[in-house]
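The first sequence begins at 12 in the numbering used here and counts up by one.
A virtual CB, placed ideally from N, CA and C, is assigned to each residue, including glycine.
Worksheet: one structure, shown below.
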Amino acid sequence: MDSLSNVQILLIILPEDLFLYYSNRMKAKRVVVGISGGVDSGVAAYMLKKQGYDVVGLFMRNWHDTTGLKSASCTYEDDVMFAEMVAKKLSIPFYEVDLSEPYRRRVIDYLFKEYESGRTPNPDVLCNREIKFDAFAEEAFKLDADFVATGHYCRKETIKTPHGDMHRLLAGKDPNKDQSYFLCQVNQKQLSTALFPIGELMKPQVREIAREQNLANADRKDSQGICFVGKVDLPTFLQQQLQVKKGDIVEIPANSKLVVDSDDLTRLAAPYPFTPESGIMIGQHRGAHFFTVGQRKGINIGGKPKPLFVIGTDVAKNILYVGQGQDHPLLSKKALFIRNEDMHWIRPDLTISSGEEREYKIRIRYRQELQNGSLIMRPEGGYVLFDTPQRAVVSGQFTAFYLKDELVASGVIQH
RNA sequence: GAUCCAGUAGCUCAGUUGGUAGAGCACAUCCCUUUUAAGGAUGGGGUCCUGAGUUCGAGCCUCAGCUGGAUCA
């Protein structure tokens, strides 16, 4: 009430530009936007500016290496250049920060460790939790930020609940671009200061706005690959730290008796107990840890009527298990398991605990269509039971649980 | 030792009544995609085991040889 009347008074007695000056000084919250050089973050910055925020652009450099990069040259120079052009166009301050040390430690090291242990990590999910909404946010707060914004296609909404204010992480309005999945590991604290200015927009609108505002990157191609690292050939990239080790490729027939014929949740979720004896040796690979379940390319064995897919890896014995055809029963699983310590509730107030279960819309990889299933909590952890079997359930990847369009929880797939 | 069958793209094979070859898989590239994957499109590839014959013309017919497999002694 008080501030409102002040504004009214100012409105009466001050010329317009002075009014703007004072109202900004008094009201405008400061937002530090992670500007990457791409359209999305550029338009995000513009939207914030338009909404009257005190906007600061901050470019983060997280990666210096080009080993294993597919597109020959490092795009860093281009990225900063575009980021700077956008900042200039929008008349916002522009800074650059180097977070490659924490990025290496908290994202890349995790990536190598996971692959080494035969799992398939999702570095971009970690990047958001550990870097953009942690290390980067800290830098932003050093610049007196009230909020940290990114160009993610997702939305945030704050509601009042019996447990206090809760921040909801909602899917981006553009169903084709929704990136809420990548934020499935952030928490309430991180959300409290987060802003997603383009979450309500469709991608074509974002481009249109960029063009209208004459942003230099309006028609720039979307970035792909691991955030900050780029499009890499994984085996090549991993060979920096992981050794090439020849091992056997074992084909498991589709009529294998390993197929689970049971309704028991534990058994449905259990990893398939592959052994060399359960199939036949059909070739050699260069390291089981370079492969991921569901993978087709790179097995390098032909002569089969249907393509071979990886259906299991055993890094201890260095054996790659493969099966023929998309319809191979062991390529899919009806259930999966998440350890208690790997369960993460974005909405703590909606947590369910041992003995409880609930239905969700679920996805186990980015851009996967939401699947129907339920989460069943038991003392040892959470079991996810899907209505229909899921292709390539990959340990190390994240399961994201949605209620309608809200991402309420996530967890690392154990198996 | 004899008989039979096979030898065609990297692999598994198809090739009609003889007219200079195809499919699946593999592989490559591109598209899609801020994870891993998947998916879509396009493409590169073949002294048709060797030699000699028949024929206007042979992957397809004849003979010999080589190599694999099976069977019989």
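(message) Is the beta carbon of Pro282 closer than 9 Å to that of Val261?
(response) Val261 places its beta carbon 9 Å or farther from that of Pro282.
(request) Work out the CA separation of Asp157 and Val108 for me, nearest whole Å. (result) So the two alpha carbons sit approximately 18 Å from each other.
(message) Tell me the residue span of the alpha helix (DSSP H) that contains Arg222.
(response) Element bounds for Arg222: Lys214 to Glu223.
(message) Taking the alpha-carbon of Glu359 as reference, which of Ala280, Gln199, Cys238 and Lys317 has the nearest alpha-carbon?
(response) Residue 359 is actually Pro in this sequence, not Glu. Out of Ala280, Gln199, Cys238 and Lys317, Gln199 has the C-alpha closest to the C-alpha of Pro359.
(message) So, with DSSP's three-state summary, where would you put Ala156?
(response) Looking at Ala156 - three-state DSSP - the assignment turns out to be coil, as it is neither helix nor strand.
(message) Among the candidates Lys317, Ile209, Asp325 and Asp230, whose CA atom is the shortest distance from the CA of Lys257?
(response) Checked all of Lys317, Ile209, Asp325 and Asp230; the closest Cα to Lys257 is Asp325.
(message) Please identify the residue among Gly336, Gln196 and Tyr87 whose C-alpha is closest to the C-alpha of Asp135.
(response) Measuring C-alpha to C-alpha distances from Asp135 to each of Gly336, Gln196 and Tyr87 identifies Gln196 as the nearest.
(message) One question on the structure: do Leu6 and Ile310 come within less than 9 Å of each other, judged by their Cβ atoms?
(response) Limits of the chain in this structure are 12 at one end and 426 at the other, which puts residue 6 out of reach.
(message) Could you tell me the alpha carbon to alpha carbon distance between Leu180 and Lys315, rounded to whole angstroms?
(response) CA-CA distance, Leu180 to Lys315, rounds to 45 Å.
(message) Give me the residue from Val118, Gly53 and Asp353 with the minimum Cα distance to Met388.
(response) Per the C-alpha coordinates, the member of Val118, Gly53 and Asp353 positioned closest to Met388 is Asp353.
(request) Counting only the same chain and skipping the five closest in sequence on each side, list residues whose C-beta sits under 6 Å from that of Arg117. (result) The answer, listed in chain order, is Glu141.
(message) Helix, strand or coil, according to DSSP, for Glu417 in the structure here?
(response) Glu417 falls in the strand class under three-state DSSP.
(request) Hey, could you find the ends of the alpha helix (DSSP H) Phe248 is sitting in? (result) Phe248 -> alpha helix (DSSP H) spans Leu245 to Leu249.
(message) Given this structure, state the Cα-to-Cα distance separating Ala265 from Thr277, to the nearest angstrom.
(response) So the alpha carbons of these two residues sit roughly 22 Å apart.
(message) At a cut-off of 8 Å, would you count Thr86 as near the ligand ADP, judging by its Cβ distance to the nearest heavy atom?
(response) Questions concerning the ligand ADP fall outside what the structure shown contains, since it holds no ligand whatsoever.
(message) My output table needs one value for Ile330: the three-state DSSP class, helix, strand or coil.
(response) The three-state reading of DSSP puts Ile330 in strand, counting E and B together.
(request) Give the secondary structure of Asn133 by DSSP, where H, G and I count as helix, E and B as strand, and everything else as coil. (result) If DSSP states are grouped into helix, strand and coil, Asn133 belongs with coil.
(message) Looking only at its chain, what residues have a beta carbon closer than 6 Å to the beta carbon of Ile220, apart from the 5 residues adjacent to it on each side?
(response) Exclusion of the five residues before and after Ile220 leaves Val54 as the residues of its chain whose Cβ lies within less than 6 Å of its Cβ.
(message) Would His163 and Ile209 qualify as a contact pair, given that the criterion is a beta-carbon distance under 9 Å?
(response) For the 9 Å CB-CB criterion, His163 and Ile209 form a contact.
(request) Could you work out which residue in Leu245, Gln250, Pro340 and Gly48 is closest to Val270 when comparing CA atoms only? (result) Nearest C-alpha to Val270 among Leu245, Gln250, Pro340 and Gly48: Pro340.
(request) Taking only the alpha-carbon atoms, compute the straight-line gap between Asn383 and Gln190 and give it to the nearest angstrom. (result) In this structure, the CA atom of Asn383 is about 19 Å from the CA atom of Gln190.
(request) Provide the residue span of the alpha helix (DSSP H) that contains Thr277, from first to last. (result) In the DSSP annotation of this structure, the continuous segment of the alpha helix (DSSP H) that includes Thr277 starts and ends at Leu276 to Ala280.
(message) Quick check on the burial criterion: 16 or more other C-beta atoms within 10 angstroms. Buried or exposed for His296?
(response) Counting Cβ neighbours within 10 Å, His296 comes out buried, since at least 16 surround it.
(message) Tell me whether the stretch 109-129 and the stretch 389-399 touch, counting them as touching only if at least three CB pairs, one residue from each stretch, are closer than 8 Å.
(response) With a cut-off of 8 Å, the stretch 389-399 and the stretch 109-129 do not count as touching, because too few Cβ pairs lie within range.
(message) Assess contact between the stretch 122-134 and the stretch 57-71, defined as three or more Cβ pairs (one per stretch) separated by less than 8 Å. Is contact present?
(response) No, the stretch 122-134 does not touch the stretch 57-71.
(request) Could you tell me whether the stretch 144-161 touches the stretch 118-128, where touching means 3 or more Cβ pairs closer than 8 Å? (result) As far as the Cβ criterion goes, the stretch 144-161 does not touch the stretch 118-128, which means the pair count is below three.
(request) Pick out whichever of Arg374, Gln337, Val240 and Gly407 has its Cα sitting closest to the Cα of Met71. (result) The option with the nearest alpha carbon to Met71 is Val240.
(message) Between the alpha carbons of Val43 and Thr161, how many angstroms are there, rounded?
(response) The C-alpha of Val43 lies about 9 Å from the C-alpha of Thr161.
(request) Could you spell out where the alpha helix (DSSP H) holding Leu226 opens and where it closes? (result) In the DSSP assignment, Leu226 falls outside any alpha helix (DSSP H), carrying neither H nor E.
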